[in-house]
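Chemist:
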Ligand SMILES: [Zn+2]
């Protein structure tokens, strides 16, 4: 969900926010007939704007006023709303669309004359029928008479476009107090079928605004609205978020996406992104919203999210890895891996390195210094350097400019109470701060070490003799995971190019046909590297697992529900198992199962998942050898 700016090059100082806006629009719309008529007044010279009206609109007159303003009258019949349009995230560039069910005029659709630079605006909106609408900004006045609605909005900060949204909305309102006593007007513009969700959205919006006002600095606008879209969209702009009505019904949207979009009022719409020099806002927003909520849930939930980012990284072929500095917006999957996952992980590692207090100071400093200006990665580095008193040039340089991630492993661990650990990484070496878990006969301890060479030994002292060493078992460092560190998930089977099926009972193949995206072949035993699925009824499955020398049914699942599904960890050929009580229980999985690709195991009661999860990732443990027996690879002295 990217911010709406196309290219914010230079910030205009706040002083330009004069009483007279750069652009004043008077817009009249009848969604039933789709007729739009508008008057635009531009305060600047005609060379300073661009108006390529959408083909449905035509200019009726253009007049130079005595005040020097340019007045343009235009209008036409807008295209109807198309619900099944494929917009790939660039909603703002869709043609303008109107209908009684919903109207959306995107900022890049040619519905108004666009000033060449960032601009301030005032929009007066008059609507026919039982319709309400809005643009981003402060609601200055509003009138609602039977069959006619009008409202005026002002935006006196630098904007780079105007999106207009209209629909048969029921508006619900609530006021939130900021820590400094200021009030924020919260609103929902919902369709009647989701109006029962309005109060929950208002309460959660207030909660997020309060949270981030405390963490970063006061919410910079006077309103925040959650607006239902007739399209399956989801994006944020200053003072509002526009989210598909079907999406708003999903329970996790309030718990995650809403907070993410609220936070974009600070990162992206408050501090603007210098896109030409890379987009830092998605990573910082993901880190302080989506990831922070997982941290609030439990350390395991947070670790699972880091594991998901590292899994995404491992899935991108080496030749397609791109540098984080090159990320602008979510254009395709590989970009999201870097622009969201790697970027959020950069902030996570930064906080580990400089500590939570310095990190928080850096966040506040960035806000204080760059509010309503554009910021680049360099500005972020400077803010965190000043907050921590440390040089962070090398840290940012390697994580921003190098594609991919380091591959690092423990080569050997030798000694008694004086332990020497040799680490090895692929060329060219990264400067890394790595956690090592040192295991003793009773308990374990984590020590952080710093390395910067391809092979490097580090020494540490203990009171007790260490028995083993594990590298970064909590996945705190962005790196290429080894195979055993990546617990298998069902998506590997769903997407397999040439999957195989071992049918151990005479059951229908309907489930296998639906589960695999590619054609499968039936085999008798697992072989090779291509994923294999074992499918059948409970007793037959148990017999087959024993015959094939595979681990038995996991205890976690045994006896649960009517069907169980699991992947087998650390088997040479990737093996997954579907085991059901009877044929009906197997059939019940045909629809739901393909949707659970992110899981390692599940139990179903009929078609309902009653248990699911990802196997823990297993960090390789290296045994500590006594120093009198030199290891095969002798460590290079520091
Ligand atoms: Zn976002």
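Residue numbers (our numbering): 297 to 934.
Each residue gets a CB set at the ideal place from its N, CA and C atoms; glycine is no exception.
Please read these numbers as outputs of a predicted model, since none were measured by experiment.
How is residue 549 classed by DSSP in three states: helix, strand or coil?
Modeler: For the purposes of this step, residue 549 is identified with residue 253 of the chain shown, where counting begins at 1. The answer is helix: DSSP assigns residue 549 an H, G or I state.
Chemist: Identify the continuous alpha helix (DSSP H) that holds residue 678 and give its terminal residues.
Modeler: Here the question's residue 678 lines up with position 382 in the chain shown. Start and end: 673-684.
Chemist: Who are the near neighbours of residue 517 in its chain, counting only those whose CB is closer than 7 Å to its CB and skipping five residues on each side?
Modeler: Looking up residue 517 in the chain shown gives position 221. Only 534, 535, 561 meet the Cβ criterion.
Chemist: If we call anything under 7 Å between Cβ atoms a contact, is residue 892 one with residue 786?
Modeler: Within the chain shown, the letter at position 596 stands for residue 892. Within the chain shown, the letter at position 490 stands for residue 786. In this structure, residue 786 lies closer than 7 Å to residue 892 by Cβ.
Chemist: Given that a residue counts as buried once 16 or more other Cβ atoms are within 10 Å of its Cβ, and exposed if not, what is residue 805?
Modeler: Here the question's residue 805 lines up with position 509 in the chain shown. With fewer than 16 other Cβ atoms within 10 Å, it is exposed.
Chemist: Using C-beta distances below 8 Å, list every residue in its chain close to residue 668, excluding the 5 sequence neighbours before and after it, in chain order.
Modeler: Locating residue 668 in the chain shown gives position 372, counting from the first residue. Closer than 8 Å at Cβ, skipping near neighbours: 307, 310, 453, 454, 516, 566, 567, 568.
Chemist: Taking only the alpha-carbon atoms, compute the straight-line gap between residue 915 and residue 344 and give it to the nearest angstrom.
Modeler: Numbered from 1 along the chain shown, position 619 holds the residue referred to as residue 915. Numbered from 1 along the chain shown, position 48 holds the residue referred to as residue 344. If I take the Cα positions, the gap works out to 59 Å.
Chemist: Let me make sure I understand the geometry here. Which of 753, 743, 761, 811 has the alpha-carbon closest to that of residue 770?
Modeler: Counting from 1 along the chain shown, the entry for residue 770 is found at position 474. Nearest of 753, 743, 761, 811 to residue 770, Cα basis: 743.
Chemist: What does a CB cutoff of less than 6 Å around residue 418 pick up in its chain, not counting 5 residues either side in sequence?
Modeler: The count along the chain shown starts at 1 and reaches residue 418 at position 122. Here the set comprises 317, 320, 450.
Chemist: My guess is that residue 800 and residue 824 are in contact by the Cβ rule of under 8 Å, so how many angstroms apart are they, rounded?
Modeler: Along the chain shown, one-based indexing puts residue 800 at 504. Along the chain shown, one-based indexing puts residue 824 at 528. With a Cβ gap of about 19 Å, residue 800 and residue 824 do not count as contacting.
Chemist: Where DSSP assigns a beta bridge to residue 479, which residues make up the other side?
Modeler: What you label residue 479 is simply residue 183 of the chain shown in a count that begins at 1. Answer is 473.
Chemist: Looking only at its chain, what residues have a beta carbon closer than 8 Å to the beta carbon of residue 471, apart from the 5 residues adjacent to it on each side?
Modeler: Walking along the chain shown from the start, residue 471 turns up at place 175. Here the set comprises 479, 480, 481, 482.
Chemist: Among 557, 369, 724, 718, which has the Cα closest to the Cα of residue 746?
Modeler: For the purposes of this step, residue 746 is taken as residue 450 along the chain shown, with counting starting at 1. Among 557, 369, 724, 718, the Cα nearest to that of residue 746 belongs to 718.
Chemist: At a cut-off of 6 Å, would you count residue 578 as near ligand 1, judging by its Cβ distance to the nearest heavy atom?
Modeler: As a position in the chain shown, residue 578 is number 282, starting the count at 1. Yes.
Chemist: May I ask you to check if the CB of residue 581 is nearer than 6 Å to at least one heavy atom of ligand 1?
Modeler: As a position in the chain shown, residue 581 is number 285, starting the count at 1. Flag set: Cβ of residue 581 near ligand 1.
Chemist: Measure the C-alpha to C-alpha separation of residue 930 and residue 730 and round it to an integer number of angstroms.
Modeler: In the chain shown, residue 930 corresponds to position 634, counting from 1. In the chain shown, residue 730 corresponds to position 434, counting from 1. Its pLDDT being 42, under 50, residue 930 is placed unreliably in this model, and the value from its coordinates should be taken loosely. Here the alpha carbon of residue 930 sits roughly 21 Å from the alpha carbon of residue 730.
Chemist: When the Cα of residue 489 is compared with those of 558, 397, 714, which residue comes out closest?
Modeler: The count along the chain shown starts at 1 and reaches residue 489 at position 193. Of the candidates 558, 397, 714, the one whose C-alpha sits nearest the C-alpha of residue 489 is 397.
Chemist: Within its chain, find whatever has a CB closer than 7 Å to the CB of residue 348; leave out the 5 residues flanking it on each side and keep chain order.
Modeler: Here residue 348 refers to the residue found at position 52 when the chain shown is read from its first residue. Excluding positions up to five away in sequence, the list reads 406.
Chemist: What separation, rounded to the nearest whole angstrom, lies between the Cα atoms of residue 514 and residue 503?
Modeler: Mapped onto the chain shown, residue 514 falls at position 218. Mapped onto the chain shown, residue 503 falls at position 207. C-alpha separation (whole angstroms): 13 Å.
Chemist: Roughly how many angstroms separate the alpha carbons of residue 402 and residue 392, rounded to a whole number?
Modeler: Taking the first residue of the chain shown as 1, we reach residue 402 at position 106. Taking the first residue of the chain shown as 1, we reach residue 392 at position 96. C-alpha separation (whole angstroms): 6 Å.
Chemist: Flag this pair as touching only if the segment 685-700 and the segment 883-903 have three or more C-beta atom pairs under 8 Å; answer yes or no.
Modeler: no
Chemist: What residue range is occupied by the uninterrupted beta strand (DSSP E) comprising residue 536?
Modeler: The residue labelled residue 536 in the question sits at position 240 within the chain shown. First-last of the beta strand (DSSP E) with residue 536: 536-540.
Chemist: Quick check on the DSSP output: what are the complete beta strand (DSSP E) runs of length 3 or more inside the segment 767-806, in order along the chain?
Modeler: List check, beta strand (DSSP E) in window: 796-799.
Chemist: Which residues mark the beginning and the end of the alpha helix (DSSP H) in which residue 581 is found?
Modeler: By 1-based counting over the chain shown, the position of residue 581 is 285. Its alpha helix (DSSP H) spans residues 577-582.
Chemist: Rounded to whole angstroms, what is the Cα-Cα separation between residue 542 and residue 468?
Modeler: Translated into the one-based positions of the chain shown, residue 542 becomes position 246. Translated into the one-based positions of the chain shown, residue 468 becomes position 172. In a straight line, the C-alpha of residue 542 is about 19 Å away from that of residue 468.
Chemist: Report yes if the CB atom of residue 324 is closer than 7 Å to the CB atom of residue 394, and no otherwise.
Modeler: Translated into the one-based positions of the chain shown, residue 324 becomes position 28. Translated into the one-based positions of the chain shown, residue 394 becomes position 98. Between residue 324 and residue 394, the C-beta gap is not smaller than 7 Å, which leaves the two residues out of contact.
Chemist: Okay, do the segment 591-601 and the segment 653-664 touch, 3+ Cβ pairs below 8 Å being the bar?
Modeler: no
Chemist: If you follow the beta strand (DSSP E) that residue 733 is part of, which residue opens it and which one closes it?
Modeler: Counting from 1 along the chain shown, the entry for residue 733 is found at position 437. Residue range 728-735 is occupied by the beta strand (DSSP E) that includes residue 733.
Chemist: With residue 521 as the anchor, note down where its alpha helix (DSSP H) starts and where it stops.
Modeler: For this step, residue 521 is matched to residue 225 along the chain shown. Note, residue 521: premise wrong, no alpha helix (DSSP H); beta strand (DSSP E) at 519-525.
Chemist: Pick from 399, 370, 387, 491: whose alpha carbon is nearest that of residue 328?
Modeler: Within the chain shown, residue 328 is the residue found at index 32, counting from 1. Of the listed residues, the one whose Cα sits closest to residue 328 is 399.
Chemist: Could you name the residues of the same chain whose beta carbon sits closer than 7 Å to that of residue 949, not counting the 5 residues immediately before and after it, in chain order?
Modeler: Lying outside 297 to 934, the shown extent of the chain, residue 949 is not represented and no answer is given.
Chemist: Starting from residue 710, trace the beta strand (DSSP E) both ways and give me its first and last residue.
Modeler: For the purposes of this step, residue 710 is identified with residue 414 of the chain shown, where counting begins at 1. Start and end: 704-711.
Chemist: Would you decide whether residue 305 is buried or exposed? Buried here means 16 or more other CB atoms lie within 10 Å of its CB.
Modeler: Numbered from its first residue, the chain shown carries residue 305 at position 9. Note that residue 305 scores 32 on pLDDT, short of 50, meaning its location in the model is unreliable and no value can be drawn from it.
Chemist: Taking just the CA atoms, how far does residue 579 sit from residue 643?
Modeler: Numbered from 1 along the chain shown, position 347 holds the residue referred to as residue 643. Numbered from 1 along the chain shown, position 283 holds the residue referred to as residue 579. Near 8 Å, if we compare the C-alpha coordinates of residue 579 and residue 643.
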